[in-house]
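Heads up: the sequence shown is residues 1 to 400, going by the UniProt record's numbering.
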Amino acid sequence: MGKSSKDKRDAYYRLAKEQGWRARSAFKLLQLDEEFNLFENVTRVVDLCAAPGSWSQVLSRVLIKGEKFGRSAWQDGEAKLRQQMLGIFTSQTSSPDYEEPQLQAAAEVSQRAPRKDVKIVAIDLQPISPLPGIVTLRADITHPATVPLLLKALDPDYDPTRRSQQASQPVDLVLSDGAPDVTGLHDLDIYVQSQLLFAALNLALCVLKPGGKFVAKIFRGRNVDLLYAQLKIFFERVHVAKPRSSRASSIEAFIVCINFQPPPGFRASLEEPLGVGNRLTKMVEERRKTLPPIAGAVMQNYKTGAWDSAPYVVQAVDEAGIVDLEVEDLTGQKSDDIRWIAPFIACGDLSAFDSDASYQLPENHVSLDPIQPPTAPPYKRAIEMRKAMGGAYGKPVVRG
Ligand code: SAM
């Protein structure tokens, strides 16, 4: 697909280039923040799976430079009106093209006082081009050796021979946008993604301070409510959120966990990381005992935090009304067989660009180059090997 064609089919790809973001993912984080106020009172952040670095760019601009992004960062006033007139609000893979006025090049940004003592550490398997004020590490988040590396990056006085795997200067927010190379085999992709999520959670448990937040990408599969129950052991509130800039056609969503409250006596352990063995299952059982004895499903009210029973129809409600509806026949379930339903929140204003729609570009549209081309893409080695072989059909180079 050519650059111009991608500009037309992906409004967020085009906006990212126009506003100087390294990836369209920046809008996902901005829209999550709009809903959950993620950056409030936050100065120490770990950004996992961070390359090419658009989330770190957001962190750098909000926390270090003190910028605040308005909604026009991802929408255009006139485009909004036209969308309303054409009624293309609903998520769809194709929608009628319509003419759009010239886009604003700059996001609406207001200035706040920069925060003091900001510390941001970004990690990825791929190299991350430098960003002002951000410590970048090239490491695998699923590898145990990454924990001491991270603790050292957060606190230069950290002694790796010390037994504790808890950060001495704990962090306020852990983000993880990790994604494996998708195979298209849904069950396999969901499984690999869940391993990345558990690795991110294990790191978060080592570095988060009580009251901290954890936000991570998930692929929504059948067992998302089990994952919700597991995360509820550690966080007061857990939501599944879908930013408007994330394609409706994708199984991607984000788990947003607020108010880290580890169970009494809990210690993060590398010897027995969560997601392996039955440590987590036992903890879920313990946590269940503290729930009200209701048969069926329970879910937590999004705003008040209260638990409600929901025997047959489960609905996630926010101030704007019902955002998700799930109907289940749970008749005959035992009262100890309780499913926890994660409130599902669609975030980002409905007038924001629809990531599944195509938009007509103005005649004088100039397609920009991406801000940060991949530094070490997986296909680089394949191209080098092909060159060494003298092109696609060339003779192999005999060495020695
Ligand atoms: N949030 C990033 C941004 O805004 O630029 C985009 C992240 S991209 C969707 C997913 C990243 O996950 C890739 O850069 C990939 O290298 C990284 N990743 C996948 N598995 C990883 C692992 N085991 N350890 C570290 N990073 C990993």
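Note that beta-carbon positions come from the ideal geometry of N, C-alpha and C, so glycine has one too.
Can you list, in chain order, the residues of its chain whose CB lies under 6 angstroms from that of E99, leaving out five sequence neighbours each side? Note that E99 scores a pLDDT of 35, beneath 50, so its modelled location is shaky; the value from the coordinates is reported in the next line. Excluding five sequence positions before and after E99, the CB atoms of its chain that fall closer than 6 angstroms to its own CB belong to Q360, given in chain order.
Cβ-heavy atom distance between S250 and the ligand SAM below 7 angstroms? No, the Cβ of S250 stays beyond 7 angstroms of every heavy atom of the ligand SAM.
Mind listing, in chain order, the continuous alpha helix (DSSP H) runs of no fewer than 4 residues lying wholly within the stretch 4-33? The stretch 4-33 contains these whole alpha helix (DSSP H) runs: 11-19.
N364 to A51, Cα distance in whole Å? Straight-line spacing of the CA atoms in N364 and A51 works out to 32 angstroms.
Measure the Cβ-Cβ separation of K6 and Y12 and say whether it is below 8 angstroms. No.
Buried or exposed: which applies to G87, given that a residue is buried once 16 or more other Cβ atoms fall within 10 Å of its Cβ? Unreliable positioning characterises G87 in this predicted model, as indicated by a pLDDT of 36, which lies under 50. A coordinate reading is not provided.
Is F198 buried or exposed, if buried means 16 or more other CB atoms sit within 10 Å of its CB? Looking at its Cβ environment, which holds 16 or more other Cβ atoms inside 10 Å, F198 is buried.
Could you check what DSSP says for Q57 in three-state terms: helix, strand or coil? Here Q57 carries a helix assignment [DSSP, helix/strand/coil].
Nearest to K213 by alpha carbon, out of V192, N259, D10, R162? Residue nearest to K213 within the set V192, N259, D10, R162 is N259 (criterion: CA-CA distance).
Specify the secondary structure class of K380 as computed by DSSP and reduced to three states. Three-state DSSP puts K380 in a helix.
Three-state secondary structure (DSSP) of N37: In the three-state DSSP reduction, N37 falls in the coil class, being neither helix nor strand.
Looking at the ligand SAM, does it come within less than 7 angstroms of D117, judged from the CB to the closest heavy atom? The answer is no for D117.
Just the Cα atoms here: how many angstroms apart are T142 and A204? For the pair T142 and A204, the Cα-to-Cα distance works out to about 12 angstroms.
Can you find the residues in the same chain that come closer than 6 angstroms, C-beta to C-beta, to S246, ignoring five residues on each side of it along the sequence? In its chain, beyond the 5 residues on either side, K28, E252 have a beta carbon closer than 6 angstroms to the beta carbon of S246.
Are L175 and V45 closer than 8 angstroms when you measure CB to CB? The answer is yes: Cβ separation under 8 angstroms.
Simplified DSSP state of F198, which is helix, strand or coil: Helix at F198.
Following a CB-centred definition, is Q19 positioned closer than 7 angstroms to any heavy atom of the ligand SAM? No.
Taking 8 angstroms as the threshold, find out whether the stretch 185-193 comes into contact with the stretch 142-151 through three or more Cβ pairs. Not touching, per the Cβ criterion.
With the cut-off set at 8 angstroms, would you say R244 and A357 are in Cβ contact? The criterion of a C-beta distance shorter than 8 angstroms is not satisfied by R244 and A357.
Just the C-alpha distance for D157 and E35, rounded to the nearest angstrom, thanks. Looking at the two C-alpha atoms, the distance is approximately 36 angstroms.
Would the beta-carbon of V192 fall within 8 angstroms of that of F254? Not a contact, by the Cβ cut-off of 8 angstroms.
Alpha-carbon to alpha-carbon, R162 and E67: Their Cα atoms are separated by approximately 38 angstroms.
What do you get for V58, buried or exposed, if any count of 16 or more other CB atoms within 10 angstroms of its CB means buried? Its Cβ being crowded by 16 or more others within 10 Å, V58 is buried.
A253 by DSSP, collapsed to three states: which one? When secondary structure is reduced to three states using DSSP, A253 falls in the strand class.
Work out the CA separation of A167 and A268 for me, nearest whole Å. In a straight line, the C-alpha of A268 is about 10 angstroms away from that of A167.
Runs of beta strand (DSSP E) lying entirely within the stretch 98-152, each at least 3 residues, in chain order: Qualifying beta strand (DSSP E) stretches, in chain order: 109-111, 119-124, 134-138.
Distance, S250 Cα to Q165 Cα: Rounded to the nearest whole angstrom, the C-alpha separation of Q165 and S250 is 36 angstroms.
So, at 6 angstroms on beta carbons, what are the nonlocal neighbours of R381 in its own chain, with the 5 sequence-adjacent residues on each side left out? The beta carbon of R381 sits closer than 6 angstroms to no other beta carbon from its chain once the five residues preceding and following it are set aside.
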